[in-house]
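In the working numbering, the protein residues as written are -16 to 51. Ideal Cβ placement from N, Cα and C applies to all residues, glycine included. Below is one structure; the comments refer to it alone.
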């Protein structure tokens, strides 16, 4: 007697996870870009009032978006 097993797995879970990860990364990148754009528009005096220098903008944006 032969034993047959018919298990079919689809691509849906794999693609669903891929697109969820992609959407999450894109959302974080949007926060990163928005933070850089907003801080870059401030004058040097406004940045100094906040205790930020221009060289810190990128690291602040990374921390805001990615929590690193």
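Are residue i and residue j touching if we call contact CB-CB under 8 Å?
i          : j          : result
residue 52 : residue 22 : Outside the modelled stretch of the chain, which goes from -16 to 51, sits residue 52, for which no answer is possible.
residue 4  : residue 48 : no
residue 38 : residue 30 : no
Measuring alpha carbon to alpha carbon, tell me which residue in the options is nearest residue i.
i          : options        : result
residue 24 : 40, 10, 12, 34 : 40
residue 50 : 8, 20, -14, 2  : 8
For the alpha helix (DSSP H) that contains residue i, what are its first and last residues?
i          : result
residue 27 : 27 to 33
residue 52 : Any question about residue 52 goes unanswered here, given that the chain covers just -16 to 51.
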